[in-house]
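Residue numbers (my numbering), protein chains in the order written: chain E, 7 to 121; chain F, 491 to 601.
C-beta atoms are modelled at their ideal positions from N, C-alpha and C, and glycine is treated no differently.
Quick caveat, the model's predicted, so the values are computed rather than measured.
Written out below as structure tokens is the structure these notes cover.
This is the structure in structure tokens:
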């Protein structure tokens, strides 16, 4: 069964450093998402992406964050200058279509620790 | 804005016990409702979903019914197993693309 993959599974970085989290969505999916979960808190939406553009973003997704689909398979989340509060589990998700009934398929997550 | 509230965890049960995890929501419009499960060390997996009022989603012995009158989508299972130990997330999706999640409920089943 096709699945969403994410790399790395864990990343430790120093405050102020740039990190890039990578995702490979399911191959025929067209809509891509990033979510994050700070330890002990809710899973929160960050951004959605379609047709090489951001289609929706949350207030968390400020200028420090960016997303890109650099080729036909990868979908990346970049944090330019990490802060301690960016420590979280980051989940990528994808869907084939949009709409409220569509299931979003999630990757296993990248655990980011900012020191 | 849209929101989801789940019962506080953690929940600990013995094998073969009956499980209920409460979920209520606030949303504009007519959302779809989802239960996702996260097993240790893994990502979020869709467990079941319901897209309109009175729909019942079911999978792996779990069930949840979309109750518009009580704005609820409680997860139930008649007889839990040790392998059901995981974190369970209730979520909704209305007109926007994003999923809105509850805080998650950690379930531990003891043999």
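{"query": "Leaving out five residues on either side along the sequence, give the residues of the same chain with a beta carbon under 6 Å from the beta carbon of residue 38/E.", "result": "31, 55, 81 and 100"}
{"query": "So the candidates are 85/E, 49/E and 14/E; which of them puts its Cα closest to the Cα of residue 525/F?", "result": "49/E"}
{"query": "Taking only beta-carbon positions, decide if residue 79/E is within less than 8 Å of chain F.", "result": "no"}
{"query": "Who are the neighbours of residue 579/F on chain E, taking C-beta pairs under 8 Å?", "result": "49"}
{"query": "The beta strand (DSSP E) spanning residue 117/E covers which residue range?", "result": "116-120"}
{"query": "Would you kindly check if the distance between the Cβ of residue 601/F and the Cβ of residue 505/F is under 8 Å?", "result": "yes"}
{"query": "Out of 583/F, 585/F and 575/F, point me to the one whose CA is closest to residue 527/F's CA.", "result": "575/F"}
{"query": "Roughly how many angstroms lie between the CA atoms of residue 559/F and residue 33/E, to the nearest whole one?", "result": "39 Å"}
{"query": "In the DSSP assignment, find the beta strand (DSSP E) that holds residue 539/F and state where it starts and stops.", "result": "534-540"}
{"query": "Have a look at residue 520/F and residue 589/F and give me their C-alpha separation to the nearest angstrom.", "result": "14 Å"}
{"query": "Please name the residue in 570/F, 536/F and 595/F whose C-alpha comes closest to that of residue 551/F.", "result": "570/F"}
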